[in-house]
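In what follows, a single structure is set out as structure tokens and then discussed.
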Amino acid sequence: MHVLGIDIGGTGIKGAPVDTVTGEPTEERFRVETPHPATPDAVARCVGDVSSHFTWTGPVGITFPGVITRGTVRTAANMEPAWIGVNAQMLFAKVLRTADGAAPRVLNDADAAGVAEIAHGAGRDRDGVVLMLTFGTGIGSALFLDGKLVPNTEFGHLELHGKDAEDRAAARVRDEKELSWDKWAKRVQEYLSLVEALLSPDLIIVGGGVSRHADKFLPLLDVHAEIVAAQLANTAGIVGAAMAVASSAVPS
Ligand code: BGC
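As numbered in the working numbering, residues 41 to 292 make up the sequence shown, in order.
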């Protein structure tokens with residue numbers, strides 16, 4: 041099956057058609073800048089532009105950096121608050137030209153990245169409790185049991201030292217505070233210890249842009265679980281969004 045995957049992020053909105061059997065994008069990805077302010081209508085126009093670029097009329101999967109239940113946005117920690125309560129599925133359906141008028145599938149960005157890693161990356165063929173964590177502007181989480189997703193876990197908002205964990209240990213914090221890898225890894229370590237105490241995962245997959253530099257911080261971490269870098273890097277969101285349309289491992 042070929043599905044257009046679109047990944048909505050704080051800086052860019054990226055998309056590509058994906059072969060859901062191989063998990064490979066079939067064309068070069070297309071990116072537009074995320075508008076500022078990133079209001080629902082402005083972002084929807086960009087989603088329409090990505091779809092038009094590929095003259096797409098087939099099925100579409102879209103990620104969003106917040107909790108999504110049945111197509112509706114429930115939280116938007118790093119997006120405009122105007123998103124909360126918006127039926128994103130209906131909003132995006134208006135800017136797409138799907139042949140049968142089918143609404144797109146909309147899901148949390150970290151859940152999508154996890155779905156891609158489980159199907160085609162670092163979590164392939166792994167049973168048990170697998171936790172994907174994405175370190176970027178925030179911390180996203182995706183929890184799997186025997187390959188099946190428990191959606192919208194939001195472990196980036198656990199409390200750490202009286203703060204939202206993502207405000208202490210996201211990759212953004214490393215940039216903003218110009219922390220060394222060593223100093224940032226100490227924060228990530230505290231966070232992972234908390235996560236392990238609560239979930240005891242068998243495998244932790246570390247994703248987000250910072251996973252490109254996994255060699256600089258993964259060796260500094262001491263956790264019980266096996267911990268590995270994500271393999272799909274910057275296409276995980278696109279691939280996972282597309283996979284979610286086709287996969288039975290993702291509850292709607
Ligand atoms: C949001 C999550 C999202 C994560 C990564 C967090 O602030 O609450 O829904 O997955 O950032 O974008």
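From the three backbone atoms N, C-alpha and C, an ideal C-beta is built for every residue, glycine too.
Contact annotation: the region 193-212 does not touch the region 272-292, with fewer than three C-beta pairs closer than 8 Å. Taken through DSSP and simplified to helix, strand or coil, V72 comes out as strand. Relative to ligand 1, D149 has its C-beta within less than 6 Å of a heavy atom. The region 86-98 and the region 124-141 touch, with three or more beta-carbon pairs separated by less than 8 Å.
With a threshold of 6 Å, the Cβ atom of A182 does not count as near ligand 1, since no heavy atom of the ligand is closer than that. When DSSP states are grouped into helix, strand and coil, P57 belongs to the strand group. Beta-carbon to beta-carbon, I267 and L258 are separated by about 6 Å, close enough to satisfy the 8 Å threshold. Burial state of A237 is exposed, judged by a 10 Å Cβ sphere holding fewer than 16 other Cβ atoms.
Where R227 is concerned, the enclosing alpha helix (DSSP H) starts and stops at W221 to L239.
Under the three-state reduction of DSSP, V135 is assigned to coil, being neither helix nor strand. The shortest CA-to-CA distance from L44 to any of F195, H93, R71 and V100 is the one to V100. Inclusion of A117 and G52 in the CB contact set at 7 Å is not warranted, their separation being larger than that value. Distance from the Cα of M41 is smallest, within the candidate group D47, G55, V61 and I48, for V61. Non-local C-beta neighbours of A284 in its own chain, meaning closer than 7 Å and more than five positions away in sequence, comprise G101, R145, L147, A152, V155 and V290, ordered along the chain. A straight line joining the alpha-carbon of I48 with that of A205 spans about 22 Å.
In terms of side-chain proximity, the C-beta atom of G106 is found nearer than 6 Å to a non-hydrogen atom of ligand 1.
The closest heavy atom of ligand 1 lies 6 Å or more from the beta carbon of G101. In this structure, A209 has its beta carbon at no less than 6 Å from each heavy atom of ligand 1. In this structure, the straight-line span from the alpha carbon of A269 to that of A143 is close to 33 Å.
F175 is positioned such that its CB atom lies closer than 7 Å to that of G248. DSSP, reduced to helix, strand and coil, places R252 within a helical segment of the structure shown. Secondary structure of M172 (DSSP, three-state): strand. Taken from the Cβ of N118, at least one heavy atom of ligand 1 lies inside 6 Å.
S92 carries a helical assignment under DSSP once its states are collapsed to helix, strand and coil. Going by beta carbons, P241 and L171 fall inside the 7 Å limit. Counting along the chain, the unbroken beta strand (DSSP E) around I245 starts and ends at L243 to G247.
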